[in-house]
Amino acid sequence: MRGLRSTAVAVLASIVVLTVAACGTDATTGDASRPATPTSSAPVDPPTGSPSEGQRSSRPGTRSTEGDGMRVQITIGEQHFQATLDDSAASRDLAARLPLTVEMSDHGGVEKTGRLPSPLSLDGQPAGADPDVGDVGYYAPANDLVLYYGDQSYYDGIVVLGRMHDDAAERIAAMEGSITVQLQR
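For what it's worth, our numbering labels the leading residue of the sequence shown as 1, then goes sequentially.
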């Protein structure tokens with residue numbers, strides 16, 4: 001009887017371990033990591049998987065550098081940052097709304113996100129993007145402006161609007177909690 005009880009306990013323990021391990025992974029890839037953006041304040045659909053090459057491009061317009069595109073100033077408290085917006089419908093739509101103040105909170109340890117008053121134009125934008133550290137973005141399903149200071153992977157609904165200059169991403173990463181962001185030309 002004792003041997004049967006030990007076997008039953010071992011089988012039950014194995015089932016529990018496998019169940020707990022499976023709960024932390026994505027059923028399609030086995031990847032336990034999840035992007036930070038989708039848990040934003042609005043409900044969203046789950047990702048559709050890896051993007052095709054046609055979807056992978058996050059910058060359908062002209063990719064900004066510090067020398068071209070529309071320059072904007074980002075102010076957080078007493079700190080000032082420069083950014084350049086890409087030449088895209090969404091970026092032009094954001095620029096037309098400046099000056100703008102957005103309340104942002106930390107999201108997933110990789111970004112600061114805050115709700116915009118109304119949606120940006122998505123004309124000509126790809127289904128999603130894989131933003132780089134230092135990008136300024138828009139998460140369309142939640143209508144959030146996003147400042148990326150950490151690594152975020154591809155996700156449907158992300159639109160890259162432009163790029164912050166110099167050490168802006170590092171300085172924003174050091175800011176804890178909620179922040180008030182002012183954007184102006």
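We put the CB at the ideal spot given by N, CA and C, even for glycine. As the structure is a prediction and not an experimental result, all values here were calculated from the model.
- In chain order, 148, 149, 150, 151 and 169 place their CB closer than 7 Å to the CB of residue 133, counting only its own chain and leaving out the 5 sequence neighbours on each side.
- Judged by their CB atoms, residue 113 and residue 154 are not nearer to each other than the 8 Å cut-off.
- In terms of Cβ geometry, residue 104 and residue 160 do not form a close pair [threshold 8 Å].
- Per DSSP, residue 90 is one residue of the alpha helix (DSSP H) stretching across 89-96.
- Excluding five sequence positions before and after residue 100, the CB atoms of its chain that fall closer than 6 Å to its own CB belong to 183, given in chain order.
- Take the alpha-carbon of residue 143 and the one of residue 171: they are about 24 Å apart.
- In the DSSP assignment, residue 163 is bridged to 84 and 135.
- Secondary structure of residue 111 (DSSP, three-state): strand.
- In the DSSP assignment, residue 169 forms no beta bridge with any residue.
- For residue 140, the three-state secondary structure derived from DSSP is helix.
- With respect to residue 164, residue 74 sits close: the two C-beta atoms are nearer than 8 Å.
- A distance below 6 Å between beta-carbons, with the five flanking residues on each side excluded, links residue 146 to the following residues of its chain, in chain order: 111, 113, 137 and 139.
- Between residue 124 and residue 156, the C-beta gap is not smaller than 8 Å, which leaves the two residues out of contact.
- Residue 96 counts as exposed, since fewer than 16 other beta carbons sit within 10 angstroms of its beta carbon.
- Each of 91, 98, 79 and 76 was checked against the Cα of residue 69, and the nearest Cα belongs to 91.
- Pairing residue 72 with residue 185 gives a Cβ-Cβ distance under 8 Å.
- Distance from the CA atom of residue 167 to the CA atom of residue 83, rounded to whole angstroms, is 11 Å.
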